[in-house]
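**Q**
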Amino acid sequence: MQDLKSYSPAKDLLKNRVVLVTGAGQGIGRAAALAYAMHGATVILHGRNIKKLEGVYDEIEAAGGVQPAIFPLDLEKAEDKDFLALAYGIKQQLGRLDGILHNAALLFNLTPLESQTLDQWQSLLRVNLIAPFALTRACLALLKASPDAHVIMTSDSHGHAPAAYWGGFAVAKAGVEALVRIQAQEWDILPNLHINVIIPGPTHTPQRTRTHPGEIKYSLPQPQDLMPYYLYLMGPDSTTVRGETIFCRGHV
Ligand SMILES: NC(=O)c1ccc[n+]([C@@H]2O[C@H](COP(=O)([O-])OP(=O)(O)OC[C@H]3O[C@@H](n4cnc5c(N)ncnc54)[C@H](OP(=O)(O)O)[C@@H]3O)[C@@H](O)[C@H]2O)c1
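The following block contains the structure:
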């Protein structure tokens with residue numbers, strides 16, 4: 010694989026492609042939605058908070074990006090029929106789907122396992138693990154119809170190497186890495202389908218503020234610093250990369 014620190018995507022890398030970004034209203038998802046739009050993609054902005062999604066929609070339009078679309082859905086409550094309805098809406102409105110960035114995440118305060126409840130675990134598993142599985146599955150026919158489809162799932166260093174107090178969040182993220190490995194093997198016979206995991210590393214976002222309240226925020230990389238990795242994995246330059254875990258180390 011090439012050194013992603015020096016990756017310089019073509020301006021039209023994602024031209025004529027439709028890409029769904031979950032959790033696009035803030036943080037890394039917002040930055041990815043803007044980066045994909047500025048490289049030619051029609052971006053489907055997903056999240057819970059419509060006001061935030063409308064803000065990103067306006068930013069993309071103001072920057073001269075292709076007009077995006079907004080598809081709200083609460084991943085904690087969504088059932089199979091809701092994921093299928095979202096996929097149907099994409100087909101009706103946009104006619105195709107060439108990529109999904111599963112970025113949305115739920116994280117509670119860090120606590121020992123003995124303080125974590127069943128309800129919290131169900132929410133953590135639903136948003137962080139079950140939703141990426143169910144949404145990918147619901148969109149499979151669209152992805153299969155794309156000549157070059159890329160699915161990116163998001164893990165965390167505490168999912169890759171589980172650690173005390175990260176509880177259900179770490180277990181869900183570890184599950185994401187297992188899910189990607191299984192899916193990549195099953196897609197081995199489908200040369201147009203790619204799936205990989207990205208681990209952003211410490212980044213200045215609202216989620217990081219919750220887990221590390223005492224940290225000096227501006228010493229951290231900004232979400233836009235990670236975008237060469239996110240662009241690489243979503244576009245045709247990563248066609249030979251499958252089932253890999255990519256760390257955004259030493260952000261470009
Ligand atoms: N920031 C870091 O340092 C860091 C480090 C390692 C891994 N990561 C991973 O990178 C990804 C992005 O992180 P971030 O820091 O940018 O996160 P963030 O600022 O907390 O944003 C999370 C996004 O997820 C969405 N979301 C949460 N619950 C949802 C639900 N039930 N239904 C629909 N959307 C929901 C939120 O949408 P609404 O705003 O609409 O509610 C929000 O846009 C996550 O997967 C995270 O685990 C981040």
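So the mapping is simple: the numbering used here equals the position in the sequence shown, first residue as 1, plus 9. Backbone N, C-alpha and C fix where the C-beta goes; we use that ideal spot for every residue, glycine too.
#1: Does the distance from the CB of residue 202 to the CB of residue 158 come in under 8 Å?
#2: What residue range does the alpha helix (DSSP H) around residue 94 cover?
#3: Tell me whether residue 79, by its Cβ, gets closer than 7 Å to a heavy atom of ligand 1.
#4: Among the residues of its own chain, which have a CB less than 6 Å from the CB of residue 257, if the five just before and after it don't count?
#5: For residue 75, which of helix, strand or coil comes out of DSSP?
#6: Nearest to residue 124 by CA position, among 17, 40, 177, 38, is which residue?
#7: Put residue 178 into one of helix, strand or coil per three-state DSSP.
#8: Counting pairs of Cβ atoms below 8 Å between the region 214-224 and the region 108-125, do you hit three or more?
#9: Is residue 139 near ligand 1, going by C-beta to nearest heavy atom under 7 Å?
#10: Taking 8 Å as the limit between beta carbons, can you name the residues of its chain near residue 48, skipping five residues before and five after?
#11: Helix, strand or coil for residue 34, going by three-state DSSP, please let me know.
#12: Return the CA-CA distance between residue 76 and residue 70, expressed in angstroms with no decimal places.
#13: Under the criterion of a Cβ to heavy atom distance below 7 Å, does residue 64 qualify as lining ligand 1?
#14: Examine ligand 1 and report whether any of its heavy atoms sits within less than 7 Å of the Cβ of residue 136.
#15: Would you kindly check if the distance between the Cβ of residue 195 and the Cβ of residue 254 is under 8 Å?
#16: Within this structure, are the beta carbons of residue 146 and residue 193 separated by less than 8 Å?
#17: Exposed or buried, residue 53, counting other C-beta atoms within 10 Å across all chains shown (16 or more means buried)?
#18: Is it the case that the Cβ atoms of residue 138 and residue 95 are separated by a distance below 8 Å?
#19: Flag this pair as yes or no: are the beta carbons of residue 144 and residue 109 separated by less than 8 Å?
#20: I need the DSSP call for residue 108, collapsed to helix, strand or coil.
**A** On the basis of the coordinates in this document:
#1: Cβ atoms of residue 202 and residue 158: closer than 8 Å.
#2: Residues 89-103.
#3: No, since every heavy atom of ligand 1 falls outside the 7 Å radius drawn around the Cβ of residue 79.
#4: So the list reads 209, 210, 235, 238, once near-sequence residues are dropped.
#5: It is coil, neither helix nor strand.
#6: Comparing Cα positions, the closest option is 177.
#7: Helix.
#8: Yes, since at least three Cβ pairs between the region 214-224 and the region 108-125 fall closer than 8 Å, the two stretches touch.
#9: Within the chosen limit of 7 Å, ligand 1 does not reach the beta carbon of residue 139 with any heavy atom.
#10: Counting only residues of its own chain and dropping the five nearest sequence neighbours on each side, residue 48 has a CB closer than 8 Å to the CB of 18, 19, 20, 21, 22, 23, 24, 240, 244.
#11: Residue 34: coil per DSSP, three-state reduction.
#12: C-alpha separation (whole angstroms): 6 Å.
#13: Remark: the C-beta of residue 64 is outside contact range of ligand 1, defined as less than 7 Å to any heavy atom.
#14: Inclusion of residue 136 in the 7 Å shell around ligand 1 follows from its C-beta lying nearer than that to a non-hydrogen atom of the ligand.
#15: Cβ distance not < 8 Å, so residue 254 and residue 195 don't count as in contact.
#16: In this structure, residue 193 does not lie closer than 8 Å to residue 146 by Cβ.
#17: For residue 53, the number of other beta carbons within 10 angstroms of its own is at least 16, and it is reported as buried.
#18: Not closer than 8 Å, so no.
#19: Yes, the Cβ-Cβ distance between residue 144 and residue 109 is below 8 Å.
#20: Strand at residue 108.
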